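Enquirer:
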Amino acid sequence: MKLLVTGGAGYVGSVVSAQLLEAGHEVVVLDDLSTGHEDAVPEGARLVRGTLRDKASEVLAGAGFDAVLHFAAKSLVGESVQKPWLYWDGNLGESLSLLDAMRTAGVRRIVFSSTAATYGEPETTPIVETAPTRPTNPYGASKLAIDTALAEYARLFGIGAVSLRYFNVAGARLTGSGTSGAGDQGERHAVETHLIPNVLKVALGEKDAVSMFGEDYPTPDGTCLRDYIHVVDLGVAHLLALDACAPSTHQIFNLGSGSGYSVREVVEMCREVTGHPIPAEVSPRRPGDPAVLVASAEKIRTALGWKPERDLRVMVTDAWTFLQGR
Ligand code: UFG
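Position 303, counted from 1, in the sequence shown is what the numbering used here calls 322; the numbers after and before it change by one each time, with no gaps.
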C-alpha cells in the first residue's frame with residue numbers, strides 16, 4: 020500500500036514507519052519536525068516537512084495514497100493544562116485539516132493514535148472500550164474530539180477508521196540484537212516526562228535520583244500502576260489495524276496488556292537491567308495522575324488476534340540499549 024504517516028519523525032511514528040517499510044509498504048512521512056527528529060525517519064521513507072494544515076492536501080491530492088496513519092500530535096499532559104489552545108488547535112484543528120484533505124483526495128482509511136487519557140479517571144479496572152470517556156486534561160479531550168470527528172467522517176463520507184488507545188508506551192526498536200545501531204529508534208523527547216527514560220537517565224549519570232510521584236495511592240505498594248506496552252508490539256497492532264479498516268466504520272481498540280506495574284516495580288526493573296543502584300526519592304503526587312490505569316486488552320485480541328509479546332524487562336532493556344547508544 021502507499022501510506023502517509025503523519026508524525027513519522029516522532030517516537031512511535033518512526034518505529035511504525037520502519038515496520039511498514041519492512042512489510043513492503045511505500046511510506047511518505049509528513050512531519051513539521053517541531054518535536055520529531057529528521058534522522059528518526061527510516062531509510063526508504065520520503066520525508067515531507069510541514070504541518071498537516073499546510074501540506075496534507077498538497078501531499079494527498081492525486082497521489083494515489085491508500086491510507087493514512089496519523090501520529091502527529093502534541094502530547095504533553097502538563098503543557099496541555101497550561102496552554103489548552105495549543106492542543107485544541109494543534110491536535111484537533113490539524114487533524115480536521117488532514118481528514119478533509121483525505122476526503123477531497125479520496126483516501127478512505129485511517130489509523131489514529133488515540134490515548135488512554137480519553138477515559139480520564141476510570142470507574143472500573145481494567146478499562147474496556149465502552150467505559151465512559153471523561154478526560155481530565157486538554158490533551159485527552161483533544162484526542163477524544165478527534166475520535167469523535169473520525170466517527171463522523173466514517174458515517175458521512177464512508178471512511179474506514181481505527182483509533183488505537185495507547186496506554187504507556189515504552190522500549191525501543193533496535194536494528195542489531197542487543198546493541199545500539201544507527202537505525203535504532205526510541206524516545207528522544209526534548210522535555211522528558213515519562214517514567215522509564217527518566218529512571219534510566221539516572222543510570223546514565225544525567226540525573227542524581229529519580230522522583231517517584233506519590234506513595235500514598237490505594238495500590239499494593241502505594242505508587243501508581245500503569246499498563247506498559249513495548250513500542251514494537253504497538254507497531255504490530257497498527258499493521259493489523261490498517262488491514263481491519265472497514266468502510267463507513269470507526270473502530271476503537273485499547274492497546275495495553277491487561278496488567279499493570281507500579282512505579283516502584285519499574286524502578287526496580289531498571290536497577291536489575293542496568294546494574295546501577297538508581298537512587299529514588301518520594302515526591303508529592305503529580306496532579307492529575309490516576310492511581311491505576313490498566314487496559315482491558317480483550318477486544319483487540321478477539322477482533323484482530325493481537326497480544327503483546329514483550330514484557331517490562333524487554334522494554335527496559337531495549338530502552339537502555341537505545342539510550343546508551345545516543
Ligand atoms: N512518574 C514518576 N516519576 C517520573 C515520571 C513519572 O513517579 O519522573 C510516575 C507518574 O506519576 C505515573 C507513572 O510514573 O504514575 C507513569 O508516568 P508517565 O509520565 O510515564 O506516564 P503517564 O501514565 O502519566 O502517561 C501516559 C501517556 C500519556 C497519556 C497518559 C494517560 O504517556 O500520553 O498515560 O493518562 F496521556
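We treat Cβ as the ideally placed atom computed from N, Cα and C, and that holds for glycine.
Quick caveat, the model's predicted, so the values are computed rather than measured.
(1) Quick check on the DSSP output: the alpha helix (DSSP H) that includes Ile146 runs from which residue to which?
(2) What residues in its chain sit with their C-beta under 6 Å from that of Tyr185, if we drop five residues either side in the sequence?
(3) If you drop the 5 nearest sequence neighbours on each side, which residues of the same chain put their C-beta closer than 7 Å to that of Thr137?
(4) Residues in its own chain within less than 7 Å of Trp325 by CB, not counting five upstream and five downstream?
(5) When the Cα of Gly26 is compared with those of Thr54, Gln38, Ala42, which residue comes out closest?
(6) By Cβ distance below 8 Å, which residues in the same chain neighbour His208 in space, the five residues on each side in sequence not counted?
(7) Could you tell me the alpha carbon to alpha carbon distance between Ala314 and Gly277, rounded to whole angstroms?
(8) Could you give the C-beta distance for Arg127 and Gly81, rounded to a whole number, given that I count them as a contact under 8 Å?
(9) Check whether the Cβ of Ala144 lies closer than 7 Å to any heavy atom of the ligand UFG, and answer yes or no.
(10) Secondary structure at Lys220, three-state DSSP: helix, strand or coil?
(11) In angstroms, rounded to a whole number, what distance separates the CA positions of Tyr143 and Tyr280?
(12) Is Ala136 near the ligand UFG, in the sense that its beta carbon is under 7 Å from a heavy atom of that ligand?
(13) From the DSSP secondary-structure annotation, give me the bridge partner or partners of Ile178.
(14) Given a cut-off of 8 Å on the beta-carbon distance, is the pair Glu234 and Val301 in contact?
(15) Given the structure, does Gly27 come close to the ligand UFG, in the sense that its CB is under 7 Å from one of the ligand's heavy atoms?
(16) What span of residues does the beta strand (DSSP E) with Arg65 cover, start to end?
(17) Between the region 221-236 and the region 260-268, do three or more beta carbon pairs fall short of 8 Å?
(18) Is it the case that the CB of Ser94 approaches a heavy atom of the ligand UFG more closely than 7 Å?
(19) Given 7 Å as the limit, tell me if Val282 has its C-beta closer than that to any heavy atom belonging to the ligand UFG.
(20) If we count the other Cβ atoms within 10 Å of its Cβ and call it buried at 16 or more, is Thr123 buried or exposed?
(21) Hey, quick one: how far does the beta strand (DSSP E) through Asp50 stretch, first residue to last?
(22) Which partner residues of His89 appear in the DSSP bridge assignment?
Expert: Quick answer:
(1) Neither: Ile146 is in no alpha helix (DSSP H) and is coded neither H nor E.
(2) Thr134, Leu274
(3) Thr152, Pro154, Gly159, Lys162, Leu163, Asp166, Arg184
(4) Val255, Ala256, Leu259, Ile319
(5) Thr54
(6) Tyr30, Thr54, Pro216
(7) 5 Å
(8) Between Gly81 and Arg127 the Cβ distance is about 15 Å, and since that is not below 8 Å, they are no contact.
(9) The sequence given here has Thr at residue 144, not Ala. No.
(10) helix
(11) In the sequence on display, residue 143 carries Thr and not Tyr. Answer to the nearest angstrom: the Cα atoms are 17 Å apart.
(12) yes
(13) For Ile178, which the question treats as bridged, DSSP gives no partner whatsoever.
(14) yes
(15) no
(16) 65-68
(17) no
(18) yes
(19) yes
(20) exposed
(21) 45-50
(22) Thr25, Phe131
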